[in-house]
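Chains as they are written, first to last, in our numbering: chain A, 1 to 323; chain B, 324 to 653; chain C, 654 to 1191; chain D, 1192 to 1491; chain E, 1492 to 1836.
Ideal Cβ placement from N, Cα and C applies to all residues, glycine included.
No experiment lies behind these values; they were computed from the predicted model shown.
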Amino acid sequence: MGKYIFKRVLLMIPTLLGAAILVFLLLRMAPGDICAVRYLGTGMAISEDQIQLCREQLGLDKPQLLQFFDFVWGYFIFDLGTSMWTGQPVAHEIGIRFELSLQVAVMATIVATVIAIPLGIISAVRQNTITDYVVRGFAIAGIAIPSFWLGLMIILGLLVVTQAWFGEPWMPPIQFKSIWEDPAHNLAQLIWPAVATGYRYSAVATRMTRSAMLEVLREDYVRTARAKGMTEKIVINRHALKNALLPVVTILALEFAFLMGGLVVTEQVFNLNGLGNLMVDGVERQDFTMTQNLVMLVVIVFVFTNLLTDLCYAWLDPRIRYS
Amino acid sequence: MGALLEIDNLQTHFFTSGGTVKAVDGVSYDVNAGETVAVVGESGSGKSVTALSILRLIPKPPGEIVGGEIRFQGKNLAFCTEDEIREIRGRDISMIFQEPMTSLNPVLSIGMQLTEPMMAHMQMSEAEARERAVKLLELVGINEPRRRIDQFPHHLSGGMRQRVMIAMSLACEPKLIIADEPTTALDVTIQAQILELMKNLTREMNVAMIIITHNLGVVARYADRVNVMYAGRIVETGKASDIYHRPRHPYTLALLKSVPRMDRPRQAKLDPVEGQPPDLTRLDGGCSFRPRCKFAIDKCAESYPPLEEMGEQHFSACFRSKESLAEIEL
Amino acid sequence: MSKYARFALALAVGTGLAMGASGPAKAETPKKGGILNFIVAAESPSYDGHKESTFAMVHPTRPFYSLLIRVNPENPSSPTDFICDLCVGDLPKPTDGGKTYTFKIKKGVKFHDGQTLTAKDLEATYNKIIFPPEGVSSVRKSFFKMVESVSAPDDETLVFKLKFASGAFIPAVATPFNYTYSAKDLKEHGYDWHEKNVNGTGAFKFKEAVAGSHVEAVRFDDFHMAGKPYLDGYKALISRKMAIRVQAIRGDRAAIEFRGFPPKQRDDLVKALGKEITVQESDWNCVLLYTPNQGRPIMQDPRVRQALTLAVDRWGGSQHLSRIAIVKTVGGIAFPNHPLAATKAELVRLNGYGTDLKASREKAKKLLAEAGKAGLKFELLNRGTDQPYKIVGTWLIGQWRQVGMEVTQRVEPTKSFYNSLRKTKEFDVSMDFNCQSVVNPIVDVSKYVGSAGNNYANFAGKDQELEDIYNQLVQEGDEAKQREIMRVMEKRALSDMAHEGITLWWYKINPHRSYVKGWKIAPSHYLNQSLDQVWLDK
Amino acid sequence: MVTVSEVQTEAQFEEVAPKKPWTKVAVDLARRQPLGVFGLAIVIVMIIAAVLADVVAPFNPLEEHFDAMLAAPGTDGYLLGTDEFGRDILSRLIYGSRTALLVGFVCAIVGSTAGLVLGVASAYFGGLFDLVLQRILDVFMAFPLIILALAVVATLGPGFENVMIAIIIPFIPQCARVVRANALAIREIPYVDAARALGFSDARIILRHMVPNVMAPYLIMLTTFLGQAILLEASLSFLGLGVQDPIPAWGLMLTNASEFFEGSPWVAIYPGVAISLSVFGFNLFGDSVRDVLDPKLRSR
Amino acid sequence: MSEAQATVSKDHGAQFRGTVSDEILVTVKGLKMHFPITEGVIIPRKIADVKAVDGLDFYIRKGETLGLVGESGCGKTTTGRCILRLEDPTAGEIMYDGKDICQLDNKDLVDVRKKIQVIFQDPYSSLNPRMKIGEIIGEPLKVHGIIPDEAKRRERIGYLLGRCGLHPDFADRYPHEMSGGQRQRVGIARALAMEPEFIICDEAVSALDVSIQAQVINLLEELREEFNLTYLFISHDLSVVRHICHRVAVMYLGHMVELSDCDELFDHPLHPYSQALLNAVPIPDPDLEKTREHTIIKGEIPSPINPPPGCVFHPRCPLAVDSCKKNIPDFREVRKGHWVACTEV
């Protein structure tokens, strides 16, 4: 098992290095730079030498190979550099946003799991009945509805409904407070994005659960279990579900990893100060250090989640555990 | 003496987009306590569907038992409630399947899968069930049962898994075991081991067995009585020696003649059953073997021949069974 | 001075458009206490006023600092009504033929950390702004080209010596970015310290900031204006999406946004909340223009450029666009209603400003045909910002379609937009804008000169006549003459040569919760943000 | 002596079921896949709208009506209301289906075809080629879809073609991976061995024997991508990086609407419904395609 | 071994038809095929071998049918694949017509491949489901330019189909429209298309139903006679092998344990494994089975990754002595044409 983990970790290296090169090149191929954004976007008359000075101060005139080396070396000495925009250490900037993104991802995962697994099972067990069609329709709608649009509608709905019912329009807080500090405030803010993204997420997981269940229910060992006179409940929960969960766990984990950095649009809609928003800002501002580290963070989270999923697989599936 | 299991005019059809497949179309046979009955037939003859129908394991949709009776100790299994059939499954009638590689749940331990039916049907505690499971494993010839019981199916070879399946089928001391092609997926030497084990155990425990196979040799070695199936019906039934030495149905005859045999002098040429098995969605009212039959007469197209008694416990479904089939003697 | 009076009056009309129940100018007794939540559309890279030029820095940090002089918070709409902030009395009159300004500095002004402010601090501050050492950034140092030296002969006196007399000096000093830092801080911590640290003499002290989320401030008890500020503190919340900013005010997560909302949002808020919303409106010292790239052959013919401007229905656009975008006023190169700006009678004589739209467009088609460019196809480069760029851009394309031009739009985010505009010059026609803080048309119109750094039309060196006109304008002291030259320049730049096309001037609309009192709209979102006079009527 | 062949030909030929007419096949499919038929109906409506836009749209989608800016649905013949420029929303939605279909089909077809080629080649040749390609695909797969698209479009700049490229790039590795897994399985199937034993060239084996047999996963990925492309385009538009005005496009309409939807909710509701409905249709259809072609192939 | 012999009819019955010449067509010498098990992330390295075939020597005469029998995993299929050059053998040589197949370059290989064809076990997966029957059979004719003319090719396809017992109209059908037996006939027709000399039948009848199996066996025999073919008949079904083969080789775990004339082997199996194998086959005669003594061989087949040292069969062998655990027995000729790899016979 230890060897297996080691192997998996080793396999991550080329992926991460490739990702680093890719993101580094992509960013530098983009036209324009951060100093132009900083000084020209305001419409004031700023002289060219000030912009040049800004570039020098940010090290943008250094050779690209050196910049790349600095970037990669940073991971070995745990120094990710400073944001070109705020001048704050990147690790600090990311740290501020991490809790929020993590919490939204966790809440969305909970929403998704709670909805998806029972629905998926029901849908599979009652394949091709009205129940199945309704669940599938619900699931496919979840994938079809853009979650940012759903977000817009949720906020508008909240404002309109609260004004109609209570006279005062209410909207979720727009400033993040940690759940440990002010749980009511925290939940009032994050429950909505968690629902908006959780719906899509649950839709994906429902479909997966359904198809995995359908596949497993056709397996010989399920027939064996029935032939032993096991109740339908045991057949589903013990024999089928445990096998069907493997791909579902993968999907849940992957989606979770994607949520950690991939909520770029939803965070805009709900004004969440999360990693996705930071990413959009970084890209817009052409903030190289921030963007490349952030993308790498997302990639690392993804790759590690993959690793954990595989280990989880191994834990759930004895065929891998003992090989 | 009432038979342990009586199947009477069982009809199981599959409703597919291509039409209704009459997989089992009026099958009747009995199994007496303690005897081993074989059902022989080629693929698509309905032998497995019959077996699955007994325990109501036909996937629905598309399959459905549309008619007939399956009386087990007087109770009609074909149309009893789901709860009632569940009481029978695993306890009174258990089953062994063809594919040992896929018939065990890969994520549950051997012990778990073995003790499960005992705890469900025999009200055993977990510890009791475990003790019995160890004994069963020993009985089916698995070394170190105490270690094996905590292992998972993938640790075992195909033969070993089939032994576990046998142990599982014996767990609740059933009265009948249905073995659906239990050795087809196994190698010859392992096949012999497993069949021998099954024969000995069923004899010792006085368990009746239905063995379903396409291998005429296996039947010859292990069965007391034989049912020959073709296109969803039983065409001939009788004691093994009658079937092998005095077949009355042209299909049985042709089948026996078509296999190369080591116990006979080599033929210059094999004598195959010509043609292809029929499409089960497009059966007409006549004998379904008619297009391949060398003895077919006009009457064969008119109606399906009923099973007629040929001798003691020997029945054949052919209009010409009583004629002399001497010209094609064995 | 009559011209200022006239101008102030003119602007007051705009300011008076308050739609809520209470007029803003009524003298009410301010209430003390409360936290003001306001919302900011962007996040500032740093807190160093000398280094930044965005409102995203001004709004959250301006209250931390004092300026030497500032616009009059009671009359922020006047571009010339400056009052002392750190100095004493009225603004000093220049001596030495307009070349020396001597400021008397207030005594007893405390920094947040307890230091006492002296003229030395201001000397150090202005020296940093005007004569930054090598490698230190001061983005507005070019505003002070006329300054020869800054000195503090004693703790209470600050002297600016100019190279030549200039009307641009006082507006430059009043620029709201000229935060006063302590000489000691600059000396001890270096010139970068203020990027991340705050120590000012403003009405509020820095409390905490969370990157990407908010900046929080508390009342500075030792503030040098007695009794002020009224607020216990404020919180500047960052929100990038317009919808959220509007919703935040609607849901009372914030009371005000200082940059400006589009008219539609104003109407929505008023409709939803009625009297709880007060609206202040004003002309805005920002103008949106389109710039044909004369580096491209199709744009080299003045007739084509004239056709471009002739096709645009400015008067109609003013009516329609002002319902959906933050633009409204039709104007020439100078801030509308400023004494130097053209009147409507003067404007209608320019190509594209005529009231007979049909005639204008016929003329445009004719010119295009003459130039052999009927059915001209080109691409409009635009900046990826909704308000007002994309809306005006889409509108412009519709206007041009009326004379048979086929225009597509290429919208680029800010970073690459300016790259295309300045460096690669890869565009046919581009959207552009000019936006300054203190209104100062003579400086602001430099944008239209081909050689100006922020002129992207690519005709530098090709229109010497325009350069000459502008030089004349700069050197002219007499107001009437200035106005005359301004007209000539306007005609040359916008009409005859049609180097640029002005679309519409911006229009600032600030709908806010009616309980916010004491804040008055200014013609720029950079101005009047010290918040020391703001109070909450709750 | 009677030869085998003579006896058998007649009998066997009769035994093979006659081919079913396509109408029956279609009706059959419809009965088994009602959701798929519903999805297909939505897609067909969309295609009709796109093709006949000039005929069915009540207004020119670019025409501004400054006298009817943000008109509510139903007023003055604007069935679904107008947007901030007074442009008819219904007409823009109808014309927008062209953009959506173009983005959807071009991205899906190009993305999955490129993935098909890479996947099959990778599986067939194996070895170093496969190893290197797998690592490269790993890199691309490690990025969330939207992040990769965002990065690409940030590099290339917004605009119609660039957005399509940004959408296609993340699709390629996804499809390549699925196709490769299938192709690897197919490589082990005896008919490929048979082809090799017959001395066919690599190109022939790939094109004639492998590619046609990975059509099922290919088509499944393709239909999945159709909806995803439309959604991605909408997301990129929402970030201001998509298709640009005045081209009528749903994502763009929604983006523009985000400023005006509070007072005039119809500007956001209808484009949102259009996007959701079309993706819904494509996905329902795609699901059924998957069920029919390969119920076992898992897809996200 | 009386009990083993008891089941096999001493009367050999009909003689094999066709002529077996003395000319040797294929010679296999020291054939080894080891599949490496690799480990390592970036640069894979070998950690073990699956010794699928571990040193085979045999020859096939022109016109004869050599049976290769054994249980799953014994290496019989791999041997066939090596001869077809679908695998590159680890060691050894395969001489065909005086040329070593293992050393041929691609161009020469194509020439040899025209002469060696294969019929696979599974009639369902050995035909490309996306091609019509006519295309499947005609493709080699077209690609190798044997019959470039479309109409003539169709004629030839029709002939081949007819020869294999199928109506020529099947050329326009797809494989999924046919039954298993019919597909297997198509597989045979495809192999025949190239007019080969040598066909490897890899479990060619194992997947077929009993009644169909006989049809195909008869067809194979007819074709051998008609076209003077040579077969390598790989099968696990001993009764079929007895019926069709001139000589039979028994394989166990990558090694050949016995090789002899068919009748000789079935009458006098020498190797204990061959005996066990014969004994395990049930005979379709209940009376005979009742009297027959069943000695059942214990244990299971070991893994080819870690084959037992010495004689690979020793852990299951009733005759095993100590030396079997160490010494690999020679493959020796105990009687003329009867080779066995066991020291105890």
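Residues bridged to residue i [DSSP beta-bridge criterion]
i	result
B/G561	B/V549
C/V800	C/L815
C/P945	C/V1082
E/P1527	E/D1540
C/K763	C/T769
Collapsed DSSP secondary structure at residue i in the structure displayed
i	result
B/T512	helix
D/I1285	helix
A/W192	helix
E/R1645	helix
C/S1073	helix
C/S675	Residue placement at C/S675 cannot be trusted, given a pLDDT of 41 that sits under 50; what the coordinates show is reported in the next sentence. C/S675: coil per DSSP, three-state reduction.
C/K888	strand
E/I1787	coil
C/V1192	No information on residue 1192 of chain C is available, as it lies outside the stretch 654 to 1191 that chain C covers here.
C/I758	strand
C/R659	The pLDDT assigned to C/R659 is 43, lower than 50, so where the model puts this residue is not dependable, and the model offers no usable value.
E/R1674	helix
D/V1207	Summary for D/V1207: the model assigns pLDDT 45, below 50, so the residue's position carries little reliability, and this model does not support an answer.
Residue span of the alpha helix (DSSP H) that contains residue i, given as start and end
i	result
C/H973	967-974
D/G1238	It should be noted that the sequence gives Ile, not Gly, for residue 1238 of chain D. It spans 1225-1242 - the alpha helix (DSSP H) in which D/I1238 sits, taken as one unbroken run.
B/G634	Segment 631-634 is the beta strand (DSSP E) holding B/G634; no alpha helix (DSSP H) there.
C/C740	No alpha helix (DSSP H) holds C/C740; DSSP gives it neither H nor E.
CB-CB length for residue i against residue j, believed under 8 Å
i	j	result
E/F1724	E/C1736	6 Å
E/P1614	E/G1671	5 Å
B/Y553	B/L518	In fact, because the Cβ distance is near 24 Å, the residues do not count as touching under 8 Å.
E/D1516	E/K1553	For clarity, residue 1516 of chain E is Leu in the given sequence; the question names Asp instead. At roughly 5 Å, the Cβ-Cβ gap stays under 8 Å, so E/L1516 and E/K1553 are in contact.
Residue i: first and last residue of the uninterrupted beta strand (DSSP E) it sits in
i	result
B/K345	342-354
E/S1751	1746-1752
A/W85	It is not in any beta strand (DSSP E) - A/W85 carries neither H nor E in the DSSP assignment.
C/P713	Per DSSP, C/P713 belongs to no beta strand (DSSP E); it is in the alpha helix (DSSP H), 708-714.
Report task. Only counting runs of 4 or more residues, tell me where the alpha helix (DSSP H) segments fall wholly within the region 981-1046 of chain C, in order along the chain. Result -> Those alpha helix (DSSP H) runs which fall completely within the region 981-1046 of chain C and span 4+ residues are 997-1000, 1010-1023.
Query - 3-residue-minimum beta strand (DSSP E) runs that sit fully inside the region 1580-1668 of chain E, ordered along the chain - result: Taking only runs of at least 3 residues, the beta strand (DSSP E) segments lying wholly in the region 1580-1668 of chain E are 1582-1587, 1607-1610.
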